[in-house]
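Novice: Numbering-wise, our numbering comes out as the position in the sequence shown, counting from 1, plus 11. From the three backbone atoms N, C-alpha and C, an ideal C-beta is built for every residue, glycine too. The model shown is predicted, which means the values in this text are computed figures rather than measured ones.
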Amino acid sequence: MNYSFNVRILSHFYHSAVKAELERRNFPKDMAKKIFTEHKAVVARAKDIGKSKLMSSYMMGAYFIAMNRSTGKTAEENYEILKDGLCASKLFHKAVGNVDSYLDEKKMPGRLAWSEESHKRKYENDWVVDILPANSEYDLGYDYYECGICKLCKDEGCPELAQYLCRMDYVLADIMDMKLTRTKTIAEGADMCDFRYSRK
């Protein structure tokens with residue numbers, strides 16, 4: 012895919028957070044550069060997903076793949092590095108926002124339009140999603156039928172890595188002060204991912 016301005020910004024965001032965490036863990040000074048070089052190679056091979064609303068997740072997937080090819084650590088250890096690096100980033104917390112901004116009803120028309128567009132499957136590696144408005148059981152729901160991270164990991168010959176990135180969804184929900192309930196994921200072999208968000 013094209014290394015566009017948006018892709019560069021997102022790539023450097025993940026790189027900065029992980030680089031700082033690698034330094035805290037006393038990794039060799041050239042490790043961050045090694046990861047970033049591999050990340051750019053993964054991005055160059057990745058199928059384009061246009062201006063997807065989940066481009067940030069796609070780039071996180073590419074970065075996690077690069078970490079697993081570069082650090083010499085297990086997928087579990089690399090997940091902890093990524094998670095701790097992002098959680099320590101003030102910019103990450105600011106970008107994620109909070110429960111009120113995330114559940115703002117004014118965002119629903121845009122989400123529904125995104126869902127409708129996703130079902131056209133214009134980009135092979137993009138997500139396909141249904142949006143479920145609030146009801147008595149939850150405040151916002153997503154049913155994902157296709158996952159860009161799973162597709163990217165499969166393309167790169169490492170489908171087993173996708174399940175680690177699924178765990179980041181709980182981290183994000185916690186940062187926003189929300190509860191995420193999910194019973195199945197595509198990464199674990201299910202037919203869909205059922206996200207249900209509610210206020211704590």
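1. Can you have a look at Phe16 and say buried or exposed, based on whether 16 or more other CB atoms are within 10 angstroms of its CB?
2. Per DSSP, which residues does Leu143 bridge with? Please list them.
3. Using 8 Å for Cβ pairs, my map puts Asn136 next to Ile60. What's the rounded Cβ distance?
4. Kindly list the residues whose CB is nearer than 8 Å to the CB of Ala184, restricted to its own chain and excluding five residues on each side of it in sequence; keep chain order.
5. Write down every uninterrupted run of the alpha helix (DSSP H) in the region 48–133 whose length is 4 residues or greater and which is fully enclosed by it, in chain order.
6. Between the alpha carbons of His23 and Ser63, how many angstroms are there, rounded?
7. Would Ile92 and Leu33 be called neighbours here (beta carbons separated by less than 8 Å)?
8. Does the distance from the C-beta atom of Gly72 to that of Ile160 stay below 8 Å?
9. Please name the residue or residues paired with Glu157 in a DSSP beta bridge.
10. Can you tell which of Tyr156, Val139 and Lys118 has its C-alpha closest to the C-alpha of Ala145?
11. Sort out for me which residues DSSP pairs Leu191 with in a bridge.
12. By the DSSP assignment, the alpha helix (DSSP H) with Asp185 in it spans what residues?
13. If you compare alpha carbons, which of Phe206, Val139 and Lys195 is closest to Tyr149?
14. Taking DSSP as the reference, what is the three-state secondary structure of Ser27?
15. Measuring straight from C-alpha to C-alpha, what distance separates Leu21 and Val182?
Specialist: With the given structure in hand:
1. exposed
2. Gly152
3. 5 Å between Cβ atoms; contact.
4. Closer than 8 Å at the Cβ level, and outside the excluded window around Ala184, lie Lys190, Leu191 and Tyr208.
5. 66–81, 86–98, 101–107, 110–113 and 119–129
6. 18 Å
7. yes
8. yes
9. Val139
10. Lys118
11. Per the DSSP secondary-structure output, Leu191 pairs in a beta bridge with Tyr208.
12. Met179 to Ile186
13. Checking every option, the nearest Cα to that of Tyr149 belongs to Phe206.
14. helix
15. 18 Å
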